[in-house]
Structures are given as C-alpha cells and as structure tokens.
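Working notes for the structure below.
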Ligand SMILES: [Zn+2]
C-alpha cells in the first residue's frame, strides 16, 4: 500500500511537470505568435508621451514620432530609427526582444532610438559612428536616456530620404 502511494505521488509529479512544461511551451508560442500584451503596449505609449513632453521642455518643439513593433527585424537589433523617402520619421522596436527584458526595451532602447529620431527632426543625418555622434549623445542624455554611449556596435539608423545635405 505504501509503495502504491509512492507510485501515485510519482505519477502525479510527472504529470504535473509535463503539464507545466506544455504550459510554458504554449506561453512561449503565444508570445511569439501574438502581439505584445496591452499592458506592455500602454507602457510604451506612456514612455513615448513622456519623451514628447521632455523634448518640448528641453528643446521647445512638439513632435509626434510613431513607435512600431516588429517581429521581422534582425534578432541582434533591439530597434532602429528611420526616415523614409517621404521624410516621415518613425521608430521600430524588435518585438522578440521584449520577451527577455521589457524594462530595458522601454527605458533604455526607446530613448536611444528616440534620440536618433530627434536628430532627423532637426535635420541632422550624420552617419558618423553609426549616427552616434556627440550631438546625438547630448540629445539622448537630455531626454533622460540610459543607453547613450557613443561607442556602441549597433547600426540602428535607416535613412531612406534622398537628396539630403549632411550637416556634420
Ligand atoms: Zn543607436
């Protein structure tokens, strides 16, 4: 009788682990197949609003830069800032990177990319050091960024706009 209850306990634990494993796997699939949770989306929106306010306070101009979430960008890229041929400026964040650290994505990566976007807003399209110029660093720090080092390996700006005049 004693052995039988051990077996029952063992079977129960095995089954419980299996259920747990399936659950975790499904959670992962759910994460990768679906959009970010509304909780994370609203945190991104909140941070973006905060950056808009700081930009106005520090530099005196009103901006509204859209932030897109994508799961098709290269996995080693956290995000990037772009100005397209029509002169529209936007930021894209790598959805898959939110899985490991959403706070880092919102508090570090977003302001970093925002500073790149602000460089485009003021008409500075310098590609020197991958856009990580002294001026960019200053803007990044001013808006409260944490990831504002100039010597990063990222190549995270995309300038599609044609016919611009670099203002180095
Ligand atoms: Zn950068």
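In the working numbering, the protein residues as written are 15 to 182.
For glycine and all other residues, C-beta sits at the position ideal for the given N, C-alpha and C.
Can you find the residues in the same chain that come closer than 6 Å, C-beta to C-beta, to residue i, ignoring five residues on each side of it along the sequence?
i: residue 174; result: 98 and 99
i: residue 162; result: 151, 154 and 155
i: residue 134; result: 97 and 103
Applying the criterion that 16 or more other CB atoms from any shown protein chain within 10 Å of the CB defines a buried residue, is residue i buried or exposed?
i: residue 33; result: exposed
i: residue 23; result: exposed
i: residue 164; result: exposed
i: residue 183; result: Not covered by the structure: residue 183. The range shown for the chain is 15 to 182.
i: residue 49; result: exposed
i: residue 70; result: exposed
i: residue 136; result: exposed
i: residue 25; result: exposed
i: residue 170; result: buried
Closer than 6 Å: is that where the CB of residue i sits relative to any heavy atom of ligand 1?
i: residue 170; result: yes
Taking the continuous alpha helix (DSSP H) assigned at residue i, which residues delimit it?
i: residue 155; result: 148-156
i: residue 132; result: 124-135
i: residue 57; result: 52-73
Specify, as a first and last residue, the run of the beta strand (DSSP E) that residue i falls within.
i: residue 95; result: 93-97
Can you list, in chain order, the residues of its chain with a C-beta nearer than 8 Å to that of residue i? Leave out the 5 residues immediately preceding and following it.
i: residue 80; result: 104 and 105
i: residue 148; result: 164
Check residue i in the structure and name its three-state DSSP category.
i: residue 90; result: coil
i: residue 172; result: strand
i: residue 107; result: strand
i: residue 81; result: strand
i: residue 30; result: helix
i: residue 141; result: coil
i: residue 23; result: helix
i: residue 209; result: A question about residue 209 goes unanswered here, because the residues of the chain that appear run from 15 up to 182.
i: residue 102; result: coil
Under 7 Å Cβ to Cβ from residue i, same chain only, skipping five residues before and after it: list those, please.
i: residue 28; result: none
i: residue 143; result: 164
i: residue 56; result: none
i: residue 111; result: 92 and 119
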